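A.B. asks:
Protein chains: 2
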Amino acid sequence: MTGNSRFAVSVHILSYLVYKQGAAVPSSEIAASVDTNPVVIRRLLSALVKARLVNAQKGASGGFSLASAPANISLLDIYRAVEPKPSYGMRNFAPNQKCPVGAKIEAILQGLFFKAQSAMETELGGMTIADVVAQLRPICSGKR
Amino acid sequence: MTGNSRFAVSVHILSYLVYKQGAAVPSSEIAASVDTNPVVIRRLLSALVKARLVNAQKGASGGFSLASAPANISLLDIYRAVEPKPSYGMRNFAPNQKCPVGAKIEAILQGLFFKAQSAMETELGGMTIADVVAQLRPICSGKR
DNA sequence: GGGTTTGTAATATAATACGTTACAAACGGT
DNA sequence: ACCGTTTGTAACGTATTATATTACAAACCC
Chain A
201 MTGNSRFAVS
211 VHILSYLVYK
221 QGAAVPSSEI
231 AASVDTNPVV
241 IRRLLSALVK
251 ARLVNAQKGA
261 SGGFSLASAP
271 ANISLLDIYR
281 AVEPKPSYGM
291 RNFAPNQKCP
301 VGAKIEAILQ
311 GLFFKAQSAM
321 ETELGGMTIA
331 DVVAQLRPIC
341 SGKR
Chain B
201 MTGNSRFAVS
211 VHILSYLVYK
221 QGAAVPSSEI
231 AASVDTNPVV
241 IRRLLSALVK
251 ARLVNAQKGA
261 SGGFSLASAP
271 ANISLLDIYR
281 AVEPKPSYGM
291 RNFAPNQKCP
301 VGAKIEAILQ
311 GLFFKAQSAM
321 ETELGGMTIA
331 DVVAQLRPIC
341 SGKR
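Chains as they are written, first to last, in the numbering used here: chain A, 201 to 344; chain B, 201 to 344.
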C-alpha cells in the first residue's frame with residue numbers, strides 16, 4: 201500500500217485499545233503486543249492523538265485510550281492520521297520538460313493516481329475499527 | 201501508491217511509444233524523455249516485454265515498440281508487470297503471537313489490504329494507455 | 001516527592017530505489 | 001562477413017526512507 205507499516209501497526213494499536221475496553225494502556229504494553237519498541241508506538245500514537253482518535257494520559261497509571269466508539273473510527277481516519285505524504289508513486293519522477301510527452305505526462309499521472317488513491321480510500325472509509333475487532337472474536341472480550 | 205516510481209515511469213514509457221507511432225524506439229531516446237539513465241528504462245522494459253506489452257528488437261536500428269493497440273493495454277496490466285511485491289503495507293509487521301490480538305490481527309489486516317488494493321486495481325483496470333495518450337493531445341501526433 | 005508515563009530529539013542500522021559503469025550477446029545494414 | 005548499434009543484465013555506489021534504540025525533559029497520580 202505505502203511501503204511502510206505505519207497503517208498496519210496503527211490498526212493493531214487501536215484494536216488493542218478496544219480489546220482493553222477503555223482502560224488506560226501504556227505504550228510498553230502495546231509494544232509487547234506489536235513486538236516492537238515503545239517509542240515506535242508512541243510516535244504513531246502521537247499522530248493518532250493529534251487526529252483526535254485517541255486520548256493520552258501522562259503520569260503513573262496513565263496511558264492511551266480510544267477517544268470515540270470503535271464504530272465511529274473508520275480505517276480511512278487512521279490512514280489519514282498516520283500516513284505521511286500524498287506524493288503517490290512519483291517520488292523522484294521529474295521528466296524532461298523539453299519533450300512534449302515529458303511536459304504533460306506529470307499532470308496526467310497525478311490525476312490518474314488521485315483516482316486510484318480515491319478508490320482505495322473509499323474502500324477504507326467503509327470499514328471501521330469495530331469491523332476489525334468483530335473479526336478478532338472469539339478472544340476473551342471480557343477478561344484480563 | 202507504492203513508494204517507488206516504476207509505475208509512473210512505465211506509463212510514461214508506453215505513452216512515449218504510442219507517441220512514436222510504432223517506430224522502434226531505443227532506450228536512450230526514452231531515457232531522454234524521462235530524464236534518467238537508459239539502463240533504468242531497459243530494466244522496466246524488460247518487465248514489460250516479459251508481460252508481452254512491448255516488443256524488443258536488438259541491433260542497429262532496433263528498439264522497443266508496443267505489442268498491442270493502446271486501447272488494449274490497461275493501466276492494471278502495466279501496474280502488475282512492473283510492480284514487485286504484493287506484501288502491501290506490512291513489510292516488517294510481525295506481531296507477538298502470544299498476544300490474542302497479535303495472533304489474529306495479521307490475517308485480518310491481510311484481508312483488509314486485499315480489499316483496499318482490489319479497489320485500486322479495479323480503478324486502474326478501467327483505464328488504458330489510449331486514455332492517457334488522449335490527454336496528451338494536442339501534441340504533434342503526426343510529427344516527429 | 002517519587003515513581004511512572006508521555007513526548008520528542010538524536011542517532012544507528014537496515015532495506016529499498018535509483019543511478020551508473022561495464023560488457024556480453026544479438027542484430028541489421030552495407 | 002564485418003562493424004557499429006542496441007538490448008540484456010550483472011555489479012556496484014549513493015541517496016532516501018523506515019524502523020529500532022537510547023536518552024531525557026515534562027507532566028501527572030498517588
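Beta carbons: idealized from backbone N, C-alpha and C, even for Gly. Given the structure is predicted, the values throughout are model-derived calculations rather than measurements.
Have a look at the DSSP bridge pairing and note the partners of A256/A.
C.D. replies: The partner list for A256/A (beta bridge, DSSP) reads F264/A.
A.B. asks: With a threshold of 8 Å, are at least 3 pairs of Cβ atoms found where one atom belongs to the stretch 214 to 229 of chain A and the other to the stretch 259 to 266 of chain A?
C.D. replies: Yes: the two stretches touch, three or more of their Cβ pairs being nearer than 8 Å.
A.B. asks: Is DSSP giving T322/A helix, strand or coil here?
C.D. replies: Three-state DSSP puts T322/A in a helix.
A.B. asks: With a 10 Å radius around its C-beta and 16 neighbouring C-beta atoms as the bar for buried, classify I284/B as buried or exposed.
C.D. replies: The residue you asked about is not Ile; residue 284/B is Pro in the sequence shown. With fewer than 16 other Cβ atoms within 10 Å, it is exposed.
A.B. asks: DSSP three-state label for S274/B, please.
C.D. replies: It is a strand residue.
A.B. asks: Measuring straight from C-alpha to C-alpha, what distance separates S205/B and N292/A?
C.D. replies: The straight-line gap from Cα to Cα measures roughly 7 Å.
A.B. asks: For A334/A and A319/A, I'd like the C-alpha separation in whole angstroms.
C.D. replies: In a straight line, the C-alpha of A334/A is about 24 Å away from that of A319/A.
A.B. asks: Would you call F313/B buried or exposed, if buried means 16 or more other Cβ atoms sit within 10 Å of its Cβ?
C.D. replies: With 16 or more Cβ atoms within 10 Å of its Cβ, F313/B is classed as buried.
A.B. asks: Give a yes or no on whether the C-beta atoms belonging to A208/B and M290/A are separated by under 7 Å.
C.D. replies: The answer is yes: Cβ separation under 7 Å.
A.B. asks: Which value, in whole angstroms, describes the spacing of the CA atoms of L276/A and A251/A?
C.D. replies: So the alpha carbons of these two residues sit roughly 12 Å apart.
A.B. asks: When you compare only the Cα positions, how much space is there between A303/B and Q297/B?
C.D. replies: In a straight line, the C-alpha of A303/B is about 4 Å away from that of Q297/B.
A.B. asks: Drop a sphere of 10 angstroms on the beta-carbon of V234/B, count the other beta-carbons inside from all chains shown, and report buried for 16 or more, exposed for fewer.
C.D. replies: The residue in question, V234/B, is buried, as its Cβ has 16 or more Cβ neighbours within 10 Å.
A.B. asks: Near L248/A, which residues of its chain fall below 6 Å by C-beta distance, leaving aside the five closest residues on each side in sequence?
C.D. replies: Only V254 and A281 meet the Cβ criterion.
A.B. asks: Grab me the residues of S210/A's own chain with a C-beta within less than 6 Å of its C-beta, minus the 5 sequence neighbours each way, in chain order.
C.D. replies: If we look at S210/A and ignore the five residues flanking it on each side, its Cβ neighbours are L244, I278 and V282.
A.B. asks: Listing by chain order, which chain B residues have their CB less than 8 Å from the CB of D235/A?
C.D. replies: The answer, in chain order, is A294, P295, N296 and G302.
A.B. asks: Here's a check: name, in chain order, each residue in its chain whose Cβ is nearer than 7 Å to the Cβ of I305/A, leaving out the five neighbours to either side.
C.D. replies: Within the same chain, I305/A has close Cβ partners P295.
A.B. asks: Do I241/B and A231/B have their CB atoms nearer than 7 Å?
C.D. replies: Cβ distance < 7 Å, so I241/B and A231/B count as in contact.
A.B. asks: Starting from E347/A, follow the alpha helix (DSSP H) in both directions and report where the run begins and ends.
C.D. replies: Nothing about residue 347/A can be reported from this structure: the residues present for chain A run from 201 to 344 only.
A.B. asks: Measure the alpha-carbon distance for T411/A versus M327/A and round it to whole angstroms.
C.D. replies: Absent from the model: residue 411/A. The displayed extent of chain A is 201 to 344, so no value can be given.
A.B. asks: Can you check whether the C-beta of R291/A is within less than 7 Å of a C-beta belonging to chain B?
C.D. replies: Judged by the 7 Å Cβ criterion, R291/A is in contact with chain B.
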